[in-house]
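Inspection log for the structure reproduced underneath, given as structure tokens.
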Amino acid sequence: MSWFDAAAAAALLWLCSAITTTSTFYPSSSSSSSSFTRLRRSRNLLDLSLRCALLLTTCRACHISQKPLLPSMARVYADVNQHMPRAYWDYDSVNISWGVLENYEVVRKIGRGKYSEVFEGINVVNYQKCVIKVLKPVKKKKIKREIKILQNLSGGPNIVGLLDVVRDSQSKTPSLIFEYVNNTDFRSLYPKFVDYDVRYYIFELLKALDFCHSKGIMHRDVKPHNVMIDHEKRKLRLIDWGLAEFYHAGTEYNVRVASRYFKGPELLVDFQEYDYSLDMWSLGAMFASMIFRKEPFFHGNSNSDQLVKIAKVLGTEDLFDYLDKYDIELDAQYDDILGRFPKKNWHSFVNADNQRFVSNDAIDFLDKLLRYDHQASAPVTNGKRSD
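Heads up: the sequence shown begins at 1 in full-length UniProt numbering, then just goes up one per residue.
Structure (structure tokens):
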């Protein structure tokens, strides 16, 4: 069995085993609820092929012992932008159509980041709640990139909807207007999850990621803070596309993206020819924290310490094989802090508090996500192996 087949099997077993437990969380005490349960099961069954394909297209690599025959390149969706008109990905040429600032009023502050402040707002024209993201002074090119990416992804599964773009006439400060999601902070929400919730929301996030990747776009900042969940409505939205970028094979990208606890190894060793699989590492780090009840799972005090924390789990032997494969030279700072560590068994993280979330299938799924190497031994197209 190839690693592609193994990856698909791992996803299929873990994600889809929820089918047999659906009725537990959707009681069928009445005729209508019974119909709803059957509908839910039917929808899950229809999703089987997609779930299988998702892992084939998004899991990180398994083989790291051979030198790459070609420069590092995405295994799937590598040429999406190559086949699109330049206007699709050339955000420098975007002409922003500004909306009416007076249509929106701020209600309360709900968050802030390095590049913006975020408020709950209201559209005074239709009285609909919204989210107002007020951008801090940044290059206009970065603003255009975020807007263009959101426009390209508009209507995609679980992608936050961009409703409007406005600007203060005096300060020229731009703001992005988004759909409102009644989010519960992950620190209080995740501990309440049952096993089915973890499966459900990981799958919803996978759908968003597979969609943006299929459109030639890397998110580059996947983390719990950017995954909004309205648990009552079971609605998930992937937000904050400020660091997202169009993928072009062979391009060297900035490694100063993603948040420390969710940075893939490629960023930590300054490997610039990364691709969509960066998002899958971040997803894996999120998934590990959810099933092992350890937030964050890799808790480094700095970028260099973050790699050490990863090495203490995945071991250093595979790390050095990875570095050798891509001819990567580690910074001298690692000479004193990176020792020799054996690879830990994922089951060693299981305890009485988290054991109900950690099945063998979940471990297998996680193991396919958290790999040093972002590459595969054979190319993949549309979820199928191409030999």
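Even glycine gets a Cβ: it sits at the ideal position worked out from N, Cα and C.
Being a predicted model, the structure only gives us computed values, none of them experimental.
Within the region 242-328, the runs of alpha helix (DSSP H) that reach at least 4 residues and sit entirely inside it are, in chain order, 265-268, 277-292, 303-314, 316-325.
In this structure, the alpha-carbon of Gly-339 lies about 15 Å from that of Asp-321. DSSP lists Glu-245 as the beta-bridge partner residues of Met-218. Here Tyr-201 is buried: its Cβ has 16 or more other Cβ atoms, across all protein chains shown, within 10 Å. Rounded to the nearest whole angstrom, the C-alpha separation of Ala-352 and Phe-292 is 10 Å. Annotation: the continuous alpha helix (DSSP H) that includes Tyr-88 extends over 86-89.
As the crow flies, the alpha-carbon of Arg-199 is around 43 Å from that of Asp-168. The alpha-carbon of Ala-78 is positioned some 43 Å away from that of Val-124. Around the beta carbon of Glu-146, 16 or more other beta carbons lie within 10 angstroms, which makes this residue buried. Under the Cβ criterion (8 Å, minimum of three pairs), the region 358-366 does not count as touching the region 257-271.
When DSSP states are grouped into helix, strand and coil, Tyr-104 belongs to the strand group. Uninterrupted alpha helix (DSSP H) stretches at least 4 residues long and entirely within the region 128-172 occur at 140-152, given in chain order.
Assigned with DSSP and collapsed to three states, Ser-188 falls in helix. Selection Gly-161, Arg-108, Phe-287, Ser-277 evaluated against Pro-191 yields Phe-287 as nearest (Cα-Cα).
Going by C-alpha positions, Val-181 is about 10 Å away from Ile-239. Bridge pairing for Ile-177: Ile-132, Asp-164 [DSSP]. Pro-342 and Glu-317 have their alpha carbons spaced roughly 7 Å apart. Remark: C-beta atoms of Phe-298 and Ala-285 approach each other more closely than 7 Å.
If you look at Asn-81, you'll find it isn't in any beta strand (DSSP E); DSSP assigns it neither H nor E.
Shortest Cα-Cα distance from Val-94 to any of Gln-333, Asn-354, Leu-150, Thr-184 involves Leu-150. Secondary structure note for Asn-123: its beta strand (DSSP E) is the uninterrupted segment 116-123.
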